[in-house]
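Okay, structure first, notes after.
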C-alpha cells in the first residue's frame, strides 16, 4: 500500500458523544487518498468504544496515557506518512468537500505552506450558531499572508482544525510546543508563516463545536499569560520583512512606515500590556524612516537608516539593574546568568550590581560584554549614581534588598526573585524580608512551594507572586570544546557498576548524611552500586563531619565526593540515575540537567520536585524527613543534617534499589525527562515570562507617571483658574474703587470749578464797579 496524500489526526479525549461524527466526517470526504490516525489520549469515558465501532483500512488507532494536546499532536506528526497534515479535534467535523477544495488550491499555488477556511460554529446538538460574538470570531475579511500575519498580533482568528498543512512546514519549524497548554496552534502559525505562504478560503469547510467545555472557552489569566508568551516569542523571532514579505522587494520607506504603523496598531489592540512598549518601538522605527515625503530610497540608504535605528532603539530599551550580594557560583548565580544572557537585547539592557563582591559568574558576564558594577565602601551613594547613570527602569533583586528602598525613592519598580525556603535563617535576615516588602512591586518564586512559604510566612498576597521556574542553559552541554571525558575506571569503579549521581553543594540543607546512611546499608548487599557527589564545599565543618562518617563506615570505595567541577557533563554521561534527597530546595537546576541527560530521578518532596516528577513518570518522590518545613529552625536543620539515620533513609534505600533492579524500564521512562526540559525548562522558554513581568511593570510605572502628570496638569489648571478668579475679583474691586474715586474727584472738581467761577464773577463785578 502506497503512501497517502493526506494524513488526518484525531486526538480524542473524553468525547464519546461526538467522536463518531468526527470520524465519519473524515471517511465521507470526496477526496479519498488519506489515512486517518486516531490517538485516544487517556479518555476515561466510552470514547474508545465509539472509535472501535469503525472498521476501515484507512484508520490507524493508538491508545496512550493522557499526555495533553501538544504531545498527542506531535505523536500524530511522527506517525503521519502523508504529504499534508490536518488535525481534527474529536468534537468537530469536516464538510465532505474540505480536503478536495484545499488540495486544489495547493495545486494552483505550489508555494503555499498552509490553507485555512472559515469554521461554522455549531452547538452541542450540531445546530449552527448564528448569533453572538463567538460566531463571528473567525469570519475576517483577510485572505493573504500580508493581511493575516500582522493581524495575528491582535488575536488568533485562524481555525486550527480547518488548517491543511504541508508536512514540509513541520520539518522546517519543528513540532508543537509542549510547554503550551492552550495556544499551541497560535504559536505554530507564527512559526510557519515566517517561512511559508498561506491562504484563507472564505467559506465553511469545518464544523467547530461550541459547547462550553472548550479548552479556550473564555479568556482567563492562564490563557492571557500564554498569549503574551506567544506574542513576545513571535516578536523576538520575526523581522518586519517576515511579516510583510513585499517589503523585501519594495525597499521603499513609505511602505516600511505603513508596515510599522499597521503592526503597532494591532499590537496595541491585543489587550496584552507587554505589547504596548513594543508597539511604541515599532512606531518610532517607522517614523524615523520618513522625511517630508514618501519618495524611494536606494537600498544602501535604507540600510544606513536601519542601522541608525539601532542607536535610536537603545533609548527605548528597558534598562534593568540585576542586584545580588555576590556572583560566584551556585544555583542562584546560574539563574542570574540565565536571565542576563537570554533577555532580548533589542528590548532590554541589563547591568549587574554586586553589593559585596563579584566572582566567577561575574567574570563570565564581563567577558560576554555585560556591564558588572561592584560597589565599594560608599555603597548607597554609588548605588544611586548607578541608577541615574544607566537611567534604570526596573530593579531585579536576588537575595538582596540593599537597593529596594533607594529604587522606590526614585520611582523605580522592584522585582524580587525568591530562590528558596528561607525558614531556617536567622531572625535578622527574615526581618530584612519583612522590611523590604513595602518597597517590592512584584515577587517571582522559582516553585509553587517557595511561593507558598512566602505567602505563609510573610502574608504576601498571591497576586504579587508570579511562579517562574529556573531554566537550564543547554549551551554548556552542546559545547563539546570544554568537555573533558572521564571513565568509570578513573573513579575506581567497574564497568558494570550501577552509578547514582548527586549534584549539590556540601551544606546541611543538602543532607549528605542521608547519602551516607543509604550507602552504608546498600553497600552491604550490593557492592556494585556506587554514588558520586559533585558540589562546592560551602560548610567546611559539615564536610569534615561527612568525611569522618564516610571513613567510619568504610564507604570510600562506594561513595566519591568529587568537589566542584566546571562542566559536569561527563559525570551525567557515565551515571545511571540521579538523586537529590535534600532537606531544602527551591528549584533544582541540577535536576533539570539530569533530566536532559535521560537519568531517572529520586527526589524529596521539596521545592519543585513535584512539578518535575508527575505520577512517577520519570522518577520516584520520597518524603522529607522534616514534617513541617515552613517552621524549620536552625536547630532543626542542625539535627536533621547530623543524625545517623534520618527517618526517610529507608524510603531512599527502597527507591534506589527499585531503580537499580528495574534499570531498563526506568531508563526508558526517563527519556521523557529530556522532552520535558527542552519543551518547558530551557532559558529560551523561561525568559519570556521574565520579559513579560519586566515590561508590565515599566508600563504600569509609565501609566502612573502619566496619571501623576495628568493630575498635576489638572491641579495646575484648577489653581490657575482660582488665581484668575482672584485676579478678576481684585480687578473688579479695583475698577469699582477707581470708579468711586473718579466720581468723588469729579464731584470735587465740579465743586471747585463752581467756586472758582463764583470767585471770578465776584472779581469781575468788583472790577466793573471800580471802573464806573
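Residue numbers (our numbering): 865 to 1636.
Using N, Cα and C, we set each Cβ at its ideal position, and we do this for glycine too.
Keep in mind the model is a prediction, meaning the values are calculated, not measured.
Cβ shell of residue i (< 6 Å), same chain only, five flanking positions each side left out
i            : result
residue 873  : 901, 940, 951
residue 1315 : 1309, 1329, 1331
residue 930  : 905, 906
residue 1100 : 1208
residue 1641 : It is not possible to answer for residue 1641, since the shown part of the chain is limited to 865 through 1636.
residue 1201 : 1225
residue 1384 : 1417
Straight-line gap, residue i to residue j (C-alpha atoms, nearest Å)
i            : j            : result
residue 1166 : residue 1117 : Any reading at residue 1166 must be qualified, since the residue scores a pLDDT of 38, below 50, and its modelled position is unreliable; the value itself is stated next. Taking the straight line from one Cα to the other gives about 7 Å.
residue 1148 : residue 1062 : 29 Å
residue 942  : residue 869  : 15 Å
residue 915  : residue 957  : 15 Å
residue 1467 : residue 1068 : 52 Å
residue 1151 : residue 1598 : 54 Å
residue 1612 : residue 1625 : 20 Å
residue 1423 : residue 1192 : 27 Å
residue 1562 : residue 1090 : 20 Å
residue 1606 : residue 1622 : 24 Å
residue 1233 : residue 1518 : 49 Å
residue 1085 : residue 926  : 34 Å
residue 1618 : residue 1602 : 24 Å
residue 1360 : residue 1352 : 9 Å
residue 985  : residue 1007 : 20 Å
residue 1462 : residue 1390 : 23 Å
residue 1210 : residue 1087 : 26 Å
residue 1173 : residue 1123 : In this predicted model, residue 1173 has a pLDDT of only 39, less than 50, meaning its place in the structure is not dependable enough to derive any value.
Backbone secondary structure at residue i - three-state DSSP
i            : result
residue 926  : strand
residue 1392 : coil
residue 1013 : helix
residue 1616 : helix
residue 908  : coil
residue 1367 : strand
residue 1610 : helix
residue 951  : strand
residue 1331 : strand
residue 916  : coil
residue 984  : strand
residue 1253 : helix
residue 1397 : strand
residue 1034 : helix
residue 1069 : strand
residue 882  : coil
residue 1583 : helix
residue 868  : coil
residue 1262 : strand
residue 1301 : helix
residue 1026 : helix
residue 1138 : coil
residue 876  : strand
Chain D contact for residue i (CB, 7 Å cutoff)
i            : result
residue 1454 : Protein chain content of the structure displayed is limited to a single chain, and chain D is not contained in it.
Residues of its chain near residue i, where Cβ-Cβ distance is below 8 Å and the 5 sequence neighbours each way are ignored
i            : result
residue 1184 : 1207, 1212, 1213, 1214, 1215, 1256, 1257, 1258, 1259, 1260, 1558
residue 1178 : Bear in mind that the predicted position of residue 1178 carries a pLDDT of just 43, short of 50, making it too unreliable to give a figure here.
residue 1403 : 1370, 1371, 1372
residue 1629 : none
residue 1487 : 1468, 1469, 1512, 1515
residue 1356 : 1421, 1424
residue 1270 : 1244, 1247, 1248, 1251
residue 1279 : 1258, 1259, 1260, 1261, 1304, 1305, 1306, 1307, 1308, 1557, 1558, 1561
7 Å CB neighbourhood of residue i in its chain, flanking five on each side removed
i            : result
residue 908  : 878
residue 1119 : 1111
residue 1197 : 1191, 1225
residue 1482 : 1459, 1464, 1465, 1533, 1534, 1536, 1537
residue 1107 : 1013, 1014, 1127
residue 1646 : Any answer about residue 1646 is impossible in this case: the structure gives the chain only from 865 up to 1636.
residue 1095 : 1017, 1134, 1136, 1139
residue 1349 : 1434
Nearest-angstrom Cβ-Cβ length linking residue i and residue j, presumed shorter than 8 Å
i            : j            : result
residue 1450 : residue 1285 : 7 Å
residue 1387 : residue 1419 : 7 Å
residue 1365 : residue 1396 : 5 Å
residue 1446 : residue 1374 : 5 Å
residue 1014 : residue 1126 : 5 Å
residue 1064 : residue 980  : 5 Å
residue 1010 : residue 1109 : 7 Å
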